[in-house]
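S.K.: Attaching a single structure in structure tokens format; questions to follow.
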Amino acid sequence: MDSLIVAKKEFKILFRKKALIIPLVLFPIIMIVFFGYGMGGTVKNAPILIVNDDIGRASSSLVQEIGSYTARYDGDPMFSVTYTRDMSQSEAESKINDGMYKGVLLIPPDYSDRVAENKSTTLTLLTDSSDTTTSGIIVNYMRQLLAETGAVSLNVPNMYGNLEYLDFLIPGVIALTVFMGSVATTGSAIAGEKEDGTLVRMLMTPISKRSVILGKTIYQLILQLGRAVILILAAYLLLGFNMNGSWLLISLVLVIFTLGGVGMGIVMSSRVEDMESFFQLNMLVTMPSMFVTGVFFPLSSAPDWMRYIAYCLPLTYAIDAMRIIMIKGQGLNAISTDLIILTLFAIVTFAAGVRLFRREA
Amino acid sequence: MEPIIEVRNLVKVFHSRGRKITAVNDVSFDVFEGEIFGMIGPNGAGKSTTFSMLTTLIKPTSGSIKVAGFDVEKQDNKIRPLIGIVPQKLSLYPLLTARENLELMGNLYNVPKKVMEEKIDYYLKLVGLDASADRFTGGFSGGMKQRLSVIAAVLHDPEILFWDEPSTGLDPQTRNVIWKLARKFNDEGKTLIFTTHYMEEADNLCDRVAVMDSGKLVALDDPEILKEKTGSTNLEEVFVHFTGEEVRD
Chain A
1 MDSLIVAKKE FKILFRKKAL IIPLVLFPII MIVFFGYGMG GTVKNAPILI VNDDIGRASS
61 SLVQEIGSYT ARYDGDPMFS VTYTRDMSQS EAESKINDGM YKGVLLIPPD YSDRVAENKS
121 TTLTLLTDSS DTTTSGIIVN YMRQLLAETG AVSLNVPNMY GNLEYLDFLI PGVIALTVFM
181 GSVATTGSAI AGEKEDGTLV RMLMTPISKR SVILGKTIYQ LILQLGRAVI LILAAYLLLG
241 FNMNGSWLLI SLVLVIFTLG GVGMGIVMSS RVEDMESFFQ LNMLVTMPSM FVTGVFFPLS
301 SAPDWMRYIA YCLPLTYAID AMRIIMIKGQ GLNAISTDLI ILTLFAIVTF AAGVRLFRRE
361 A
Chain B
362 MEPIIEVRNL VKVFHSRGRK ITAVNDVSFD VFEGEIFGMI GPNGAGKSTT FSMLTTLIKP
422 TSGSIKVAGF DVEKQDNKIR PLIGIVPQKL SLYPLLTARE NLELMGNLYN VPKKVMEEKI
482 DYYLKLVGLD ASADRFTGGF SGGMKQRLSV IAAVLHDPEI LFWDEPSTGL DPQTRNVIWK
542 LARKFNDEGK TLIFTTHYME EADNLCDRVA VMDSGKLVAL DDPEILKEKT GSTNLEEVFV
602 HFTGEEVRD
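From first to last, the protein sequence lines stand for chains A and B.
Using the working numbering, the first residue of the first sequence is number 1, and each one after it goes up by one.
Using the working numbering, the first residue of the second sequence is number 362, and each one after it goes up by one.
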């Protein structure tokens, strides 16, 4: 009950900070509008599976050509190719759903014969279109390659609907928004309360430390989920965003992620005495997340060192889970690893936050 | 009279950038129920640190404090509802109105809503803030904030009222109001504990005065007796007698 007193107070103050509410809502929308148009990327080492059920010469030369294709990236091949045979299209689709491959090329058994006879033939290319940049490049490349072989046409089934870069961007922006928002608003509110003495004053009352933290957390959960809903609705209404997944799963991911963000905000605010220092610290901590974790471009196209950094940042996993849910429409199984990592993040930061959030000010 | 606060061999050591600072050094005293107790001393004497330990905000390095029979380290939950605190830094939420700030405090002390609203109305009127009840406190003057902070500290009817530098930076009119409030609370049976720089304030209000210097308690008695003992005509001279003329950091 005590915590509700705190949560209510936080909301009352928020609604009076007009200059804060507007950016809280507009920031993510502006971001998708600006970044949504005119940003692309490139691809390297995209995992591709070739299911070759043909044993003829034409198919082996095609396979070889794809495997050795090297693009701009410091001599790194664009694709890392795995070969197999006897796999159905639905099996292949499930591999993409699980994120194992960015693309699967299915070569039918009669491919070489038909090419030799100059008959028209069709290859099927499945791509992970939830990663619009990579899948676009794969499709374009395959089209170019096959254009040279004459009568071969490419069938590219649309696994996740007709997707654009925006569809790739929006789940990432939501995760980013929730992360930056929960860290910054929790931390700056505490730093501000430290600065004007209200935090110490509150801790002089019988309310427990836990209730204060819980109150602030309840406030953050409502605030951040509210922002996510506004953002998804705005993306739907303004940009025609397709929401393929479950709202419940999105909420689950965002609740866990917000808890981590709140914990992190508390930890960071415990290291500073005023708002200004907090914001400097906040820049240092959240900025790398913004640019390294693949909000704006697929992680697979980032250089190795950047990817290793990304794997250390919790935002990476939140983005991944959000994309899997929102674009691929997958269930709990597909995001279990992400959820475990995010839960660990929340537990660690929260435990540290509760410890560091001291009565002694 | 019964001691309501018992301080025994109190020590507080801070560690700051590799330096050890003993802010409070082996201090013992009692505060009796129903008295107005003053703590005076130059800057850095250890008044505020002692005050923070008495109000359960920081823990002693060694020694013990009992407030109303409860140990400050182990039973701080029992102590907090019994005490009211007017901090030196008047801590009000600038974007809440005077009334909302008071309601927040009342709620945090679990004051029943009806009782709380009656008290808020009563006290706001008493200190002359009733007309500003629905204004944000961000625009309040120092005097208004001080008066509001006092109300915030007594809504739950505490037995003991701690008051850190009640009249620092206030005009004489506000100071008078504050002093009158202090006497009123004392008449109602509350024990009051002040820290102050103003000798006049201590002289006027306090039944007993503790003089602190460099973390030590150097004198403790009735202001009249302290004046007699040191051959001083006012508490200012008593203060200088015990703490010297040197300016402190």
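Note that CB positions come from ideal geometry on N, CA and C, so glycine has one too.
It should be emphasised that the depicted structure is a prediction, and the values quoted were computed from it without experimental measurement.
In three-state terms, what does DSSP make of M573 (chain B)?
M.R.: In this structure, M573 (chain B) counts as strand in the three-state DSSP scheme.
S.K.: Shortest alpha-carbon distance to R227 (chain A) belongs to which of A:I250, A:G197, A:P288?
M.R.: Per the Cα distances, A:I250.
S.K.: R85 (chain A) by DSSP, collapsed to three states: which one?
M.R.: Three-state result, R85 (chain A): coil.
S.K.: Which chain B residues are close to I207 (chain A), counting only those with a beta carbon under 7 Å from its beta carbon?
M.R.: Per Cβ cutoff of 7 Å: L469.
S.K.: Taking 8 Å as the CB-CB cut-off, is R496 (chain B) touching chain A?
M.R.: No, no contact with chain A.
S.K.: I'd like to know whether the C-beta atoms of L596 (chain B) and D564 (chain B) end up nearer to each other than 8 Å.
M.R.: Against a cut-off of 8 Å, the Cβ pair of D564 (chain B) and L596 (chain B) comes out as a contact.
S.K.: Starting from the beta carbon of R441 (chain B), find every residue of chain A whose beta carbon is closer than 8 Å, and list them in chain order.
M.R.: In chain order: M204, T205, P206.
S.K.: When the distance is taken between beta carbons, is S211 (chain A) closer than 8 Å to V262 (chain A)?
M.R.: Contact flag unset, no.
S.K.: Between Y73 (chain A) and P303 (chain A), what straight-line distance do the alpha-carbon atoms span, to the nearest angstrom?
M.R.: For Y73 (chain A), the predicted model reports a pLDDT of 44, less than 50, meaning its position is unreliable; a value from the coordinates is still stated below. Cα to Cα, the separation comes out at about 9 Å.
S.K.: H517 (chain B): buried (16+ other C-beta within 10 angstroms of its C-beta) or exposed?
M.R.: Label assigned to H517 (chain B): buried.
S.K.: Is it buried or exposed for V6 (chain A), if we count other Cβ within 10 angstroms and need 16 for buried?
M.R.: Buried, because 16 or more other Cβ atoms sit within 10 Å of the Cβ of V6 (chain A).
S.K.: Could you have a look at I365 (chain B) and say whether DSSP puts it in helix, strand or coil?
M.R.: Here I365 (chain B) sits in strand by DSSP.
S.K.: Spatial neighbours of L332 (chain A) within its chain, please: C-beta separation below 6 Å, excluding the five flanking residues on both sides.
M.R.: Excluding positions up to five away in sequence, the list is empty.
S.K.: So if I threshold CB-CB distances at 8 Å, which residues from the segment 11 to 23 of chain A count as touching chain E?
M.R.: Here chain E cannot be found, since the structure's protein chains are A and B.
S.K.: With DSSP as the reference, label M400 (chain B) as helix, strand or coil.
M.R.: Reduced to three states, the DSSP call for M400 (chain B) is strand.
S.K.: Give the C-beta separation of S425 (chain B) and R369 (chain B) to the nearest angstrom, bearing in mind that I take them to be a contact with Cβ-Cβ under 8 Å.
M.R.: Yes, S425 (chain B) and R369 (chain B) are in contact; Cβ-Cβ is about 5 Å, under 8 Å.
S.K.: What span of residues does the alpha helix (DSSP H) with R323 (chain A) cover, start to end?
M.R.: First-last of the alpha helix (DSSP H) with R323 (chain A): 314 to 326.
S.K.: For the alpha helix (DSSP H) containing I539 (chain B), list its first residue and its last residue.
M.R.: Segment 533 to 548, the alpha helix (DSSP H) holding I539 (chain B).
S.K.: Under the rule that 16 or more other beta-carbon atoms within 10 Å means buried, what is C312 (chain A), buried or exposed?
M.R.: Exposed.
S.K.: For the structure I just gave you, are there three or more beta carbon pairs, one from the segment 484 to 500 of chain B and one from the segment 464 to 476 of chain B, closer than 8 Å?
M.R.: At 8 Å Cβ cutoff, the stretches do not touch.
S.K.: With C-beta atoms as the reference, is V511 (chain B) less than 8 Å away from V447 (chain B)?
M.R.: A contact, by the Cβ cut-off of 8 Å.
S.K.: Using a Cβ cut-off of 8 Å, which residues of the segment 452 to 466 of chain B contact any Cβ in chain A, in chain order?
M.R.: For the segment 452 to 466 of chain B, which is checked against every Cβ of chain A, the residues closer than 8 Å are S452, L453, Y454, P455, L456, L457, E461, L465, M466.
S.K.: Ordered along the chain, which non-local residues of its own chain (more than five positions away) have a Cβ less than 8 Å from that of R143 (chain A)?
M.R.: Excluding residues within five positions, the ones whose Cβ falls inside 8 Å are L154.
S.K.: Between K416 (chain B) and chain A, is there a C-beta pair that is closer than 8 Å?
M.R.: With the sequence shown as reference, residue 416 (chain B) is identified as Thr, and Lys is not the correct amino acid for it. Chain A, which has a Cβ nearer than 8 Å to the Cβ of T416 (chain B), makes this yes.
S.K.: Who does T427 (chain B) pair with in a DSSP beta bridge?
M.R.: For clarity, residue 427 (chain B) is Lys in the given sequence; the question names Thr instead. In DSSP, K427 (chain B) forms a bridge with B:E367, B:D432.
S.K.: Near G103 (chain A), what residues of its chain come up, given a Cβ to Cβ distance below 6 Å and the 5 sequence neighbours on each side ignored?
M.R.: Answer for G103 (chain A): I48, T127, I138, listed in chain order.
S.K.: Would you verify that the beta carbon of D274 (chain A) is, or is not, closer than 8 Å to some beta carbon of chain B?
M.R.: No, its Cβ sits nowhere closer than 8 Å to a Cβ of chain B.
S.K.: 8 Å is my cut-off, CB to CB: does I426 (chain B) come that close to chain A?
M.R.: Closer than 8 Å: no.
S.K.: Measuring from the CB of L284 (chain A), is there a heavy atom of the ligand ZN at a distance below 7 Å?
M.R.: Absence of the ligand ZN from the depicted structure is noted, as is the absence of any ligand whatsoever, leaving it without description.
S.K.: Please report how far the alpha carbon of S120 (chain A) lies from the alpha carbon of R114 (chain A), in whole angstroms.
M.R.: Distance between the alpha carbons of S120 (chain A) and R114 (chain A): 7 Å.
S.K.: Given a cut-off of 8 Å on the beta-carbon distance, is the pair M243 (chain A) and I230 (chain A) in contact?
M.R.: No, they are not a contact pair.
S.K.: If we call anything under 8 Å between Cβ atoms a contact, is I369 (chain A) one with I324 (chain A)?
M.R.: Residue 369 (chain A) lies beyond the stretch modelled for chain A, which goes from 1 to 361, so this question has no answer here.
S.K.: Three or more beta-carbon pairs under 8 Å between the segment 520 to 532 of chain B and the segment 457 to 464 of chain B, yes or no?
M.R.: The segment 520 to 532 of chain B vs the segment 457 to 464 of chain B: no contact.
S.K.: Tell me the rounded alpha-carbon separation between A46 (chain A) and Y101 (chain A).
M.R.: Going by the C-alpha atoms only, they are around 8 Å apart.
S.K.: What does D582 (chain B) pair with, by DSSP beta-bridge criteria?
M.R.: Partner(s): B:V570.
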